[in-house]
Every structure is written in C-alpha cells, then in structure tokens.
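Numbering (this note's numbering), first residue to last: 648 to 1021.
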Ligand SMILES: Cc1cc2nc3c(=O)[nH]c(=O)nc-3n(C[C@H](O)[C@H](O)[C@H](O)COP(=O)(O)OP(=O)(O)OC[C@H]3O[C@@H](n4cnc5c(N)ncnc54)[C@H](O)[C@@H]3O)c2cc1C
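Below you can see the structure in the form of structure tokens.
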C-alpha cells in the first residue's frame, strides 16, 4: 500500500483511524516528525487509507462569510485562555447541551494529545496554546461513535487535523461542529521533550504554559510550583518557535494557510486590531473569528451569553495574520538548526543566530542584575 509522500504527511492520522486492520501507526522519523507507517504483514490492500488521506484527495474550503473581533465574557477565562477565550466559550456551549468536546490536552509525558471530554471539570485541560504538534490518536473514531449516538460534538484543532477528521468521516453530520485555529506551524514533540529535559530540573515537570496568565512566557510547573519561566524573547525554544525555525518541514508548505478555510469557524489572535476603533472599549486579548459556514454561525448564535462580538472587515484580519495568506516563511536560521541537530536540540537551538542573540541578552541581563540595575 502506498500512502502520501512522507515529506507531505501532516500526521493528521486519518489513515490510522480508517484502517480496518489497525495496520497503520504514526511513527517518528529520525528528526522526530510523526508520519504514517504500515505494517505490511497486517495490510489487506483494501485501499481505505489511500481514499481517506487528505493529501491524496481534494478538500472542501469555504470563504469566510463574516469576520469578528471577539472575547469571552468570563473574567477568569480572559486571564487564562490563549487569546480571547473563544475555544473555551464554545466548549461551554456544547457541554451545556450534553455534547462532547475535543481538544488538545497533555498526557503524563507532556505530549500534546487530542482527547474528548464531557464534563466542565475538564475544560481547564484544553485551555491555552500548546506550541508543539498534537497527536490525534484514535479521536476521529471516538467522534464518529459520539455522532452516531446522536451527541453534539465540537472538535477544535489545527486545520490539518480538522481536514483529517472530515476525510475520515466521509460525510457531513448535522451534530458536528468544527473549529480550526490559525496555525503558523508546529514543532515535533521530540524537540520540545529534549529541550525541557536539557534544562535539567530534578523535579518532574507536570504542566507547561505558553500563553494565558503569563502571556508569551514559557512557564514550567511541578504541581502548583512554578519552577521555570522565561519570556519568549529569552527562551531558546519559544523564540525559535515564534520565528519559524523549528516546525515540521511540511508546515512551511501548509495548504491550509490561506483565506479560504476548512472548518465551520476559524479562531486566532486579532493581530494589528486598532483597539481605539472598537465599539466597546476592551484592553484584554482579542480573538479573530472567521465564520465560514452557516453551521459556524449557528454555533456562534448559541454562544451569545458567553462571547462578545463585533463585526470587522476580513481585510483587517488578513492584513496582520500572515497564516491567513501564506504558510510561514522558512527562517534563515533553520538550516543552521537542522545542521546542528545531531548535537541535540538544545545545542542546535543555541547555535543559531537567534540562539546567540538570546545568549547575549541573557548575559546582559545577568550583568545588569549584578550591577544592581534591573
Ligand atoms: C501551534 C499553534 C500555532 C498558532 N499560530 C497562530 C497564528 O499564526 N496566528 C493566530 O492568529 N493564532 C495562532 N494560534 C492560535 C491562537 O494562539 C489561539 O490558540 C487561538 O486563538 C485560540 O485561543 P482561545 O483563547 O480561543 O483558546 P483557549 O480557550 O485558550 O483554548 C485553546 C484551544 O487551542 C487548542 N490547542 C492548543 N494547542 C493545540 C495544539 N498544539 N494542537 C491543536 N489544538 C491546540 C485547544 O484544544 C483549545 O481548543 C496558534 C495556536 C497554536 C496551538
């Protein structure tokens, strides 16, 4: 059986979920990328995987019908969510209707995984951005089961994951709502895992945050104790992520990084929004919502008690959000990073111009502190 070229595989997992013989798994390449692999001894050549792969088959894109600036009305969520708290607000709507919510959580090894929950006590797990590739596992199969049991389902993920789900399902379900996050790319889990390990903490790191309360700061916790925090400009992994140095190769050719969208609703940060032009003054984090289908509007209408929205022009969202126009441009440091990867992720990150810039800034800060100037 031949699936898509490994270089083009997004790791969405549609093939893993569809295979009736469980012959397909997601395997890691030498550089840590998660891609398909087939156990030929189990394969019965049914061709389901080939027919389901989003890379080998066409996808339905929708032009946004409405653009909104929006934020959650819940004050706690305004502090703790990644952006305007839209994902969390939409999850609440679906839970109120006894539905199942799917999103990205960490497993016990801090690997981001897509899971389904049915209880409000689980909401916190999905909050905030995990700047690492998340693994879909068998979540598409669980979604199908929920849908066939008549449950309302909300699935939020990266655009490639939503496309994988839609190809796996193969038909429209009136009880399924999909939301994709605007995504500039995801680093392989291996990079993140090695980086965290290289920081050398004796305590087990039990949770991680990139956005939220300490926004754009990498925060590592042992239970309730904060044991490491650095603003993105001072953290090797974080700044390399933001600058587009460490993504999976095919993120730089992402076919979802455009105006037309794959899901019912698209959410992201409303970069560049002139807050002075808002009808309602607001100083917190503001999301952009692209309503792409009538189902998206239907879901949003249900969230009226959870989210404040103002209509804006699509051009405003497109102007500052590069990934609504084109995939992330490969950063000049990427080659240096990849060439040094055999020395380990930490050394490879430090060896780039970005890494050296961070080291200089850290030394400067230390000297300032020693001299008593903060
Ligand atoms: C890797 C990545 C890259 C991004 N790039 C951009 C960008 O270029 N431009 C932009 O405007 N916005 C980007 N975002 C989206 C933005 O940062 C917010 O995540 C988004 O607006 C949702 O904010 P919220 O407050 O509504 O979410 P919250 O209410 O805090 O909930 C977070 C949501 O994000 C999902 N999520 C978090 N991490 C992952 C992951 N690794 N894989 C799949 N789903 C995940 C959770 O399941 C949940 O649904 C990116 C997010 C991620 C994870």
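No residue lacks a Cβ here, since even glycine has one placed at the ideal position from N, Cα and C.
Over the uninterrupted alpha helix (DSSP H) stretch that includes residue 838, give me the two end residues.
Residue 838 -> alpha helix (DSSP H) spans 836-845.
With a threshold of 8 Å, are at least 3 pairs of Cβ atoms found where one atom belongs to the stretch 875-886 and the other to the stretch 690-697?
When Cβ pairs closer than 8 Å are counted between the two stretches, the stretch 875-886 is seen not to touch the stretch 690-697, the count staying below three.
Give the straight-line distance between the Cα atoms of residue 938 and residue 716, rounded to the nearest whole angstrom.
A straight line joining the alpha-carbon of residue 938 with that of residue 716 spans about 11 Å.
Cβ of residue 891 within 7 Å of any heavy atom in ligand 1?
The answer is no for residue 891.
For residue 820, which of 797, 922, 962, 846 has the nearest alpha-carbon?
Distance from the Cα of residue 820 is smallest, within the candidate group 797, 922, 962, 846, for 797.
Under 8 Å, Cβ to Cβ, is there at least one residue of chain D near residue 972?
Absent here is chain D; the protein component of the structure consists of one chain.
Is there at least one non-hydrogen atom of ligand 1 closer than 7 Å to the beta-carbon of residue 781?
Because some heavy atom of ligand 1 lies under 7 Å away, the Cβ of residue 781 counts as near it: yes.
Please classify residue 1016 as buried or exposed, where buried requires at least 16 other C-beta atoms within 10 Å of its C-beta.
Flag for residue 1016 reads exposed.
Residue 928: buried (16+ other C-beta within 10 angstroms of its C-beta) or exposed?
Residue 928 sits exposed, since fewer than 16 C-beta atoms from the chains shown fall within 10 Å of its C-beta.
On the CB-based measure, 16 or more other CB atoms within 10 Å of its CB, does residue 671 come out buried or exposed?
Label assigned to residue 671: buried.
Closest to residue 981 by CA distance: which of 997, 970, 969 is it?
Of the candidates 997, 970, 969, the one whose C-alpha sits nearest the C-alpha of residue 981 is 997.
Could you tell me the distance, in whole angstroms, from the CA atom of residue 857 to the CA atom of residue 777?
Using only the alpha carbons, I get a separation of about 7 Å.
Beta strand (DSSP E) containing residue 899: first to last residue?
Premise fails: residue 899 is in no beta strand (DSSP E) and is neither H nor E.
With H, G and I counted as helix, E and B as strand and the rest as coil, what does DSSP make of residue 775?
Residue 775 falls in the coil class under three-state DSSP.
Going by alpha carbons, who is nearest to residue 910 out of 802, 673, 787, 779?
Residue 910 has its Cα closest to that of 802, out of 802, 673, 787, 779.
Let me make sure I understand the geometry here. Which of 1005, 748, 991, 667 has the alpha-carbon closest to that of residue 677?
When only C-alpha atoms are compared, the closest one is 991.
Taking the alpha carbon of residue 838 as the reference point, which residue from 887, 898, 815 has its own alpha carbon closest?
Nearest in C-alpha terms to residue 838, of all of 887, 898, 815, is 887.
Contact under 8 Å by Cβ, residue 950 with residue 917
Pairing residue 950 with residue 917 gives a Cβ-Cβ distance that is not under 8 Å.
Alpha carbon to alpha carbon, what distance is there between residue 943 and residue 668?
Straight through space, the alpha carbons of residue 943 and residue 668 are spaced by roughly 35 Å.
Between the C-alpha atoms of residue 740 and residue 731, what's the straight-line distance to the nearest angstrom?
Approximately 16 Å between the Cα atoms of the pair.
Check whether the Cβ of residue 831 sits closer than 7 Å to any heavy atom of ligand 1, and report yes or no.
Checking every heavy atom of ligand 1 against the Cβ of residue 831, one is found closer than 7 Å.
Rounded to a whole number of angstroms, what is the C-alpha to C-alpha distance between residue 703 and residue 811?
In this structure, the straight-line span from the alpha carbon of residue 703 to that of residue 811 is close to 11 Å.
By DSSP's criteria, residue 713 is part of a beta bridge. Which residues make up the other side?
As DSSP reads the structure, residue 713 sits in a beta bridge with 938.
As an exercise, report each continuous beta strand (DSSP E) stretch of at least 3 residues that is fully enclosed by the stretch 941-1000, in chain order.
List check, beta strand (DSSP E) in window: 954-959.
Output the distance between the C-alpha atoms of residue 834 and residue 931, rounded to the nearest integer angstrom.
One C-alpha to the other measures close to 28 Å.
Please report the residue range of the alpha helix (DSSP H) in which residue 747 lies.
Per DSSP, residue 747 belongs to no alpha helix (DSSP H); it is in the beta strand (DSSP E), 747-753.
May I have the straight-line CA-CA distance separating residue 706 from residue 814, to the nearest angstrom?
Their backbone Cα atoms lie some 8 Å apart in a straight line.
Which residue wins for smallest C-alpha separation from residue 698, given the options 674, 648, 744?
The option with the nearest alpha carbon to residue 698 is 648.
What is the DSSP secondary structure of residue 614, counted as helix, strand or coil?
Lying before the first or after the last residue shown, residue 614 is absent from the chain, which here runs from 648 to 1021.
Just checking residue 970 against ligand 1 - is the residue's beta carbon closer than 7 Å to any of the ligand's heavy atoms?
Checking the 7 Å criterion, the Cβ of residue 970 is within range of a heavy atom belonging to ligand 1.
Can you tell me where the beta strand (DSSP E) holding residue 800 begins and where it ends?
That run of the beta strand (DSSP E) goes 800-804.
Determine the closest residue to residue 752 out of 873, 680, 946, 784, with distance taken between C-alpha atoms.
For residue 752, the nearest C-alpha among the options comes from 784.
Considering only heavy atoms of ligand 1, does any lie closer than 7 Å to the CB of residue 734?
Remark: the shortest separation between the CB of residue 734 and any heavy atom of ligand 1 falls under 7 Å.
Between which two residues does the alpha helix (DSSP H) harbouring residue 786 extend?
786-795 is the extent of the alpha helix (DSSP H) around residue 786.
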